[in-house]
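Heads up: the sequence shown begins at 352 in the working numbering, then just goes up one per residue.
Using N, Cα and C, we set each Cβ at its ideal position, and we do this for glycine too.
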Amino acid sequence: MLSSWTQPDTLPSLLFVVCGLSFFIVLHRKVIRKESFFTTKLDNIPGIGWSGALASYLTAIRFLYDAQVMLENGYRRHHNSAFKIPFFDKWVIVFSDENKIQDIRRASNEQLSATVALQELMHFDFSLGAEISEDPYHVAVITRFFSDQKMRLNFAGLLDEVETALSEQIPINKERAKINAWELCRIIMFQSQSRLFVGVPLCRKKEYMSLNTQYAVAVMLSIHIMRCIPKFLHKPIRRYLSPFPGYIQKMTKLLQDHAHVCSNTQEQRDSHSPENIENVFLTALAQATESHKNILSEMSMRLLAINFVSNWTSSLTLNFALSRLALSPDLVPVLRQEVETCITLQGWSHASINNMYLLDSFIKESQRLSGVVGISLTRKAMKDFTFSDGTQISKGTLIAFPVQAIHYDEKNYNNARSFQPWRFAQDQDNPPPQASPSPMTSPDTKFLEFGIGRHTW
Ligand code: HEM
352 MLSSWTQPDT LPSLLFVVCG LSFFIVLHRK VIRKESFFTT KLDNIPGIGW
402 SGALASYLTA IRFLYDAQVM LENGYRRHHN SAFKIPFFDK WVIVFSDENK
452 IQDIRRASNE QLSATVALQE LMHFDFSLGA EISEDPYHVA VITRFFSDQK
502 MRLNFAGLLD EVETALSEQI PINKERAKIN AWELCRIIMF QSQSRLFVGV
552 PLCRKKEYMS LNTQYAVAVM LSIHIMRCIP KFLHKPIRRY LSPFPGYIQK
602 MTKLLQDHAH VCSNTQEQRD SHSPENIENV FLTALAQATE SHKNILSEMS
652 MRLLAINFVS NWTSSLTLNF ALSRLALSPD LVPVLRQEVE TCITLQGWSH
702 ASINNMYLLD SFIKESQRLS GVVGISLTRK AMKDFTFSDG TQISKGTLIA
752 FPVQAIHYDE KNYNNARSFQ PWRFAQDQDN PPPQASPSPM TSPDTKFLEF
802 GIGRHTW
């Protein structure tokens with residue numbers, strides 16, 4: 352076998368492949384990572400896997416399928432310092448101590464930017480559009496929306512949509528049916544979130560859902576492709592080759608039709624008046640977009656981005672939680688009883704959901720063990736930055752935290768790798784449970800599934 356590689360006629364091709372590959376990597380390091388071949392300013396920070404000029408590309412490939420193991424190794428070895436991980440186009444410095452988490456929570460956007468970090472790591476300027484991170488006004492619209500009383504009152508709408516989606520997806524007349532759990536979670540989550548964001552009939556349109564699904568897949572693919580292409584080519588590629596302007600056009604058409612349907616009939620006009628709870632989000636987004644030249648196209652871009660960030664994270668969370676339930680069916684009656692007691696006392700409302708302590712603990716524990724991201728709290732240093740312990744990072748450095756490894760740390764959780772559904776429900780031995788001091792939606796330095804600080808959702 353070995354001898355066939357050293358035959359005189361195969362040697363030139365082998366040499367050609369090796370030289371070609373080396374040339375590509377050297378060029379890639381120079382143009383895309385913007386590093387010199389022999390040294391980088393991060394040389395004094397230990398790496399996980401191979402960190403050499405060429406070998407770091409192998410580590411970057413391994414990170415695609417083995418990230419969790421690599422991050423846990425790095426966390427174990429360098430918990431109180433830092434380690435670096437290579438992506439194809441950049442290095443990321445990973446910190447994990449609690450004080451640094453507090454430091455990034457306190458840092459301003461002008462010091463450490465989450466938006467710019469996400470844009471650079473995920474190449475969102477290419478897929479979601481540079482405008483999204485240059486002027487992220489939609490984030491304020493989302494914040495206001497989720498604290499809005501009208502939205503909170505739309506539980507009837509939410510419940511109606513979950514029931515509608517479930518009855519469409521699960522045939523109740525059959526005793527047994529084969530259902531793809533991931534697809535089911537994605538559809539239920541998408542349709543119910545869309546009921547809040549755009550209302551009926553758009554939230555039920557198959558075209559709307561499939562457009563958003565295709566868009567999300569394209570965003571994920573583009574992240575990997577763009578990591579191999581120099582930045583100066585992103586704009587021309589987006590302009591002439593990218594599918595993204597096409598998605599925005601299709602979304603614009605759907606929004607146009609939706610607005611048309613909404614204003615056409617008296618009944619629809621009434622139900623979609625600005626006072627109507629079904630219409631709160633789109634109205635707020637339209638108002639925030641008013642100063643832009645092409646309002647519908649701008650709104651479409653924001654809506655695609657919002658659906659992308661909200662749907663995949665929530666669907667995965669639901670999928671993981673349902674899988675846990677399938678593995679421990681004895682939990683079903685306990686959770687069902689809590690839910691039924693709460694809705695009997697307070698109906699389907701914000702207040703009754705706040706009182707479902709066991710459910711909260713169950714989902715939080717499921718998130719702790721099966722999170723949707725391995726590293727998070729990514730930030731880019733917009734200027735030289737000094738942490739409270741004196742550690743300095745220079746302008747342009749990308750940093751992140753190994754969230755999953757923190758969740759698996761025995762110092763943070765007893766028996767950290769075991770699933771204990773009521774871990775976060777206080778006074779679990781003496782029912783009824785009391786309000787948890789750490790509900791799922793209150794992130795702290797030991798539970799970082801939603802990030803921390805002002806960027807938390
Ligand atoms: C289980 C569901 C979800 C998970 C696990 C999740 C997780 C996260 C994480 C880890 C971050 C980064 C935070 C940081 O860097 O400190 C984030 C940011 C964000 N999430 Fe979520 N998220 C979820 C649901 C949602 C939903 C439903 C929305 C609603 C639209 C949303 C909108 C956002 C936005 C807009 C940001 C960026 C915030 C900013 O940069 O200021 N997320 N999310």
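Query                                                                                                                                            : Result
Are the C-beta of Lys731 and some C-beta of chain D separated by less than 8 Å?                                                                  : Looking for chain D here will not work: only one protein chain is present.
Is Ala465 near ligand 1, judged by its Cβ being under 7 Å from some heavy atom?                                                                  : yes
Taking DSSP as the reference, what is the three-state secondary structure of Glu626?                                                             : Model confidence at Glu626 stands at a pLDDT of 49, short of 50, so the residue's coordinates are unreliable and nothing is read from them.
Flag Ile657 as yes when its Cβ comes closer than 7 Å to any non-hydrogen atom of ligand 1, and as no otherwise.                                  : yes
State the DSSP-derived secondary structure class of Arg620, mapped to helix, strand or coil.                                                     : With a pLDDT of only 48 at Arg620, under 50, the local geometry of the prediction cannot be trusted, and no value is derived from it.
Would you check if the distance between the CB atom of Ile750 and the CB atom of Val443 is smaller than 8 Å?                                     : yes
Please report how far the alpha carbon of Val685 lies from the alpha carbon of Met707, in whole angstroms.                                       : 11 Å
Over what stretch of residues does the beta strand (DSSP E) that includes Val723 continue unbroken?                                              : First-last for Val723: undefined, no H or E at that position.
Quick one: what does DSSP say Trp533 is sitting in, helix, strand or coil?                                                                       : helix
Give me the Cα-Cα distance between Pro625 and Glu641, rounded to the nearest whole angstrom.                                                     : The predicted model places Pro625 with a pLDDT of 47, which falls under 50 and marks its position as unreliable; any figure quoted below should be read in that light. Approximately 15 Å between the Cα atoms of the pair.
Taking the alpha carbon of Val549 as the reference point, which residue from Val568, Glu629, Phe595 and Pro596 has its own alpha carbon closest? : Glu629
Where Lys746 and Ser665 are concerned, what is the direct C-alpha to C-alpha distance, given to the nearest angstrom?                            : 33 Å
Let's test the definition: count the other Cβ atoms within 10 Å of the Cβ of Pro753 and tell me whether it reaches 16, buried, or not, exposed.  : buried
In three-state DSSP terms, what is Pro772?                                                                                                       : coil
With C-beta atoms as the reference, is Cys536 less than 8 Å away from Ser545?                                                                    : no
Please report the straight-line C-alpha distance between Leu584 and Tyr764, rounded to a whole angstrom.                                         : 47 Å
How big is the Cα-Cα spacing for Leu509 and Ala702?                                                                                              : 15 Å
Taking 7 Å as the line, does the beta carbon of Val631 fall inside it for any heavy atom of ligand 1?                                            : no
If I'm right that Ile599 touches Ser651 with Cβ under 8 Å, what's the distance once you round it to whole angstroms?                             : 5 Å
Beta carbon of Leu547, beta carbon of Gln607: below 8 Å?                                                                                         : no
Under the assumption that Met421 contacts Gly400 (Cβ atoms under 8 Å), give the Cβ distance between them as a whole number of angstroms.         : 6 Å
When every heavy atom of ligand 1 is checked, does at least one fall within less than 7 Å of the C-beta of Ser789?                               : no
Determine the extent of the alpha helix (DSSP H) in which Pro587 is found, giving its start and end residues.                                    : His585 to Tyr591
What's the gap between the Cα of Phe801 and the Cα of Thr792?                                                                                    : 8 Å
Indicate the three-state DSSP secondary structure (helix, strand or coil) for Pro437 in the structure shown.                                     : strand
Using 8 Å as the Cβ pair cut-off and three pairs as the minimum, do the region 706-722 and the region 668-687 touch?                             : yes
Quick one: give me the first and last residue of the alpha helix (DSSP H) that Ile455 is part of.                                                : Glu449 to Arg457
Out of Val683, Ala610 and Met577, which has the shortest C-alpha to C-alpha gap to Leu633?                                                       : Ala610
Report buried or exposed for Pro587, applying the criterion of at least 16 other Cβ atoms within 10 angstroms of its Cβ.                         : exposed
Quick check: does the Cβ of Gly550 come within less than 7 Å of any heavy atom belonging to ligand 1?                                            : no
Which two residues bound the contiguous beta strand (DSSP E) that contains Phe446?                                                               : Trp442 to Phe446
Determine, using beta carbons only, whether Phe477 and Arg578 come nearer to each other than 8 Å.                                                : no
Please report the straight-line C-alpha distance between Ala465 and Ser407, rounded to a whole angstrom.                                         : 25 Å
Starting from Ala751 and walking both ways along the beta strand (DSSP E), at which residues does that stretch end?                              : Leu749 to Phe752
Per DSSP, what are the beta-bridge partners of Leu463 in this structure?                                                                         : Ala732
Would you mind sorting Asp454 into buried or exposed? The rule is 16 or more other CB atoms within 10 Å of its CB.                               : buried
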